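J.: I'd like to ask you about the structure that follows.
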Amino acid sequence: MMDNNIITSRVELVNMEFFAYHGCFSEEQIIGNKFLVTFSAETDTSKAGASDNLTDALNYQELYNIIKDQMGIASHLLEHVAVRILDSCFDAFPQITSAQVEISKLNPPIGGRVEASKVVIKKNFR
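In full-length UniProt numbering, the protein residues as written are 1 to 126.
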């Protein structure tokens, strides 16, 4: 039987800006670069919508801090950073049913003029 009281919503944090040290080149690990991160999570928001209580919702500040912490750990691959972000956010908020993270490296050192390189990874938790 289907529960008609479930409200599935997507919560997003868009274009969070970080300075981090991700990349395969040793210079990237020393000099660093600017990154933009967009995170979205799907979850049942019916309880939060009815209660107007933050404890019933995904806390944006906590999500931001989790993402900030993961962006602070230098890695060679953005794919690795993205999976860490997804798993860490789910660990903190197990009510997330699926989540997606986009990480853009601005002006990547790939031998030509490129605004950004980006990975987009989505993970289903149910």
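Beta carbons are placed, not taken as given, at the ideal position from N, Cα and C, and that holds for glycine.
Bear in mind the structure is a predicted one, so any value in this text is a computation, not a measurement.
Could you check if Ser104 is buried or exposed, using at least 16 other CB atoms within 10 Å of its CB as the buried criterion?
T.: So Ser104 counts as buried.
J.: Leaving aside the five residues before and after residue 159 along the sequence, list all residues of the same chain whose C-beta is less than 7 Å from its C-beta, in chain order.
T.: Residue numbering for the chain in the displayed model covers 1 to 126; residue 159 lies beyond these limits and cannot be assessed.
J.: Report all residues from its chain with a CB closer than 6 Å to the CB of Ser117; omit the five preceding and five following residues, and keep chain order.
T.: Taken in chain order, the residues that qualify are Lys105, Pro108.
J.: Within 10 angstroms of its Cβ, does Val114 collect 16 or more other Cβ (buried), or is it exposed?
T.: Classification of Val114: exposed, given that the 10 Å Cβ count is below 16.
J.: Measuring only between beta-carbons, confirm whether Gly32 sits less than 8 Å from chain C.
T.: Although the question refers to chain C, the structure presented lacks it and comprises just one protein chain.
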